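**Q** Once you've had a glance at the structure underneath, I'll fire off some questions.
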Amino acid sequence: MAKKLNIAIAGATGFVGLELIKKIYEHPFANIKYLFVKDSINEDIYKNLPKKISNLPKLKKIDLNLINDCDVFFSSLPHSELHKIAKNISPKIVVIDLSADFRLPDIKIYEKWYNVKHESPDIQKNTVYGLSEIFRKNIKNSNFISCPGCYPTSILIPLIPLLKNKIIEPNNIIADSKSGYSGAGKKIYNNQDYPNIDENIAIYGVGHHRHMPEINFYSSQFSDHSLEITFTPHLIPTFRGMLSTIYVKSLKNIDEIYEVLNKFYANDEFIKIFKFKMINTNEVINTNKVNISINNSNIKDHFVISSSIDNLLKGAAGQAIQNFNIRFCFDEQLGLV
338 MAKKLNIAIA GATGFVGLEL IKKIYEHPFA NIKYLFVKDS INEDIYKNLP
388 KKISNLPKLK KIDLNLINDC DVFFSSLPHS ELHKIAKNIS PKIVVIDLSA
438 DFRLPDIKIY EKWYNVKHES PDIQKNTVYG LSEIFRKNIK NSNFISCPGC
488 YPTSILIPLI PLLKNKIIEP NNIIADSKSG YSGAGKKIYN NQDYPNIDEN
538 IAIYGVGHHR HMPEINFYSS QFSDHSLEIT FTPHLIPTFR GMLSTIYVKS
588 LKNIDEIYEV LNKFYANDEF IKIFKFKMIN TNEVINTNKV NISINNSNIK
638 DHFVISSSID NLLKGAAGQA IQNFNIRFCF DEQLGLV
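Positions in the sequence shown are counted from 1; adding 337 to them yields our numbering.
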């Protein structure tokens, strides 16, 4: 039996950090050694966790010496925080980052979109993009894994096989996405731009959402073209869950599109492909699943592809743990089912 790996989690009291704790606590090969927070170390972490979870380490301010005392460091710090300290983390530590700090290979693009000077550019050169089912081989051999954003996860998983197999036209792809408000983090409760969040639908980030360069870059890697996908996100009055509706053009029929996706993900337990199914988020919340459905459009040679995930799990903590399992050659479902 493999020994338990010592785990440190930063951003432990955020929505994603709490999901990491819930899942890693149950993982047979993981031991939570340190919990770090950026702000208050006096917060009662147990109030937001199931009663079965106990004996967690006390919250601490981020400490590089303690991070370097672990086997694996999960960082769910806000964007533009990890890059400040990454260069001082031992290369022997496996880092699994859930922020945007290392997702984009081109540092200049990151600095433009996040309006910050990147302080660990040399780390970026050795970072692997952690879209689990797509970059599995690279993840197995990397000590620095950058997990995708929730929107890119829900959009890239259905698109990449179709682009790779040249079964859809690369131009004029539209992705319309709806997310539970947990995707905006705890700050959403004090954001006056989104009042009455339990009974409100809000469009935001039109034309300038920070996930746009990520979606465009990684979709372009599987196409002969440099793609620019029209992407529009919305917050909806539910805590968790995400549904992306993607509009594509193809001269193939729906059965051919279905077969490409079904064959591509045939051995991936978390991904299910459907035809004509009206999917919803209720079927995937609190899981690491991705449900994808293909439907005909009312316009000839056009198709509507829908993709649903839990934004806090497959879109964040769940995919991070899946990458942890891949990196250490564990069953990918450990801690997730």
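Built from N, CA and C at the ideal position, the CB exists for glycine as well. In this text the structure is predicted, and so the values were computed from the model without any measurement.
1) Provide the residue span of the beta strand (DSSP E) that contains P507, from first to last.
2) Could you check if D434 is buried or exposed, using at least 16 other CB atoms within 10 Å of its CB as the buried criterion?
3) Roughly how many angstroms separate the alpha carbons of P415 and R577, rounded to a whole number?
4) Taking just the CA atoms, how far does L403 sit from N599?
5) So what's G354 in DSSP terms, helix, strand or just coil?
6) Verify whether the separation of the beta carbon atoms of D406 and V431 is less than 8 Å.
7) Taking 8 Å as the cut-off, decide whether the C-beta atoms of I497 and S556 are in contact.
8) Sorted by chain position, which residues of the same chain lie with C-beta nearer than 6 Å to G672's C-beta, five sequence neighbours on each side aside?
9) Have a look at P458, L499, I399 and A423 and flag the residue whose alpha-carbon is nearest the alpha-carbon of I631.
10) For N590, count the other beta carbons within 10 Å of its own beta carbon; 16 or more makes it buried, fewer makes it exposed. Which is it?
11) Which of the three DSSP states is assigned to T490 in this structure?
12) At 3 residues or longer, what runs of the beta strand (DSSP E) sit wholly inside the segment 422-498?
13) Return the chain-ordered ranges of every alpha helix (DSSP H) run that is complete within the segment 549-629 and spans a minimum of 4 residues.
14) Rounded to the nearest angstrom, how far is the Cβ of F607 from that of K626, given a contact under 8 Å?
15) Taking contact to mean at least 3 C-beta pairs separated by less than 8 Å, is the segment 644-657 in contact with the segment 571-585?
16) Indicate the three-state DSSP secondary structure (helix, strand or coil) for I390 in the structure shown.
17) Leaving aside the five residues before and after E456 along the sequence, list all residues of the same chain whose C-beta is less than 6 Å from its C-beta, in chain order.
18) Starting from the C-beta of F661, find all residues in its chain whose C-beta is less than 7 Å away, skip the five residues before and the five after it, and write them out in chain order.
19) Which value, in whole angstroms, describes the spacing of the CA atoms of E620 and G655?
20) What do you reckon, are the CB atoms on N343 and K370 nearer than 8 Å?
21) Which whole-angstrom value describes the C-beta separation of L721 and I390, a residue pair presumed to lie in contact below a C-beta threshold of 8 Å?
22) Which same chain residues end up closer than 7 Å to E446 when comparing Cβ atoms and leaving out the 5 residues on each side of it in sequence?
23) Using alpha carbons as the reference points, say which of K341, N508, W450 and K398 lies closest to G544.
24) Tell me the rounded alpha-carbon separation between E596 and R440.
25) With DSSP as the reference, label Y371 as helix, strand or coil.
26) Which residues share a DSSP beta bridge with D513?
27) Going straight from the alpha carbon of F481 to that of Q558, what length do you get?
28) K398 by DSSP, collapsed to three states: which one?
29) Run the CB neighbour count on C484, radius 10 Å, all protein chains shown included, and call it buried at 16 or more, exposed below.
**A** The structure says:
1) Careful: P507 lies outside any beta strand (DSSP E) and carries neither H nor E.
2) buried
3) 19 Å
4) 44 Å
5) helix
6) no
7) yes
8) K360, E363, H364 and I658
9) L499
10) exposed
11) helix
12) 431-434 and 481-483
13) 549-557 and 591-601
14) 5 Å
15) yes
16) coil
17) H420 and K421
18) V409 and I433
19) 16 Å
20) yes
21) A query on residue 721 cannot be resolved here, the shown segment of the chain reaching from 338 to 674 and no further.
22) The amino acid occupying residue 446 in the given sequence is Ile; Glu does not appear at that position. Once the five neighbours on either side are set aside, the close Cβ partners of I446 are P550.
23) W450
24) 30 Å
25) strand
26) T569 and T582
27) 20 Å
28) strand
29) buried
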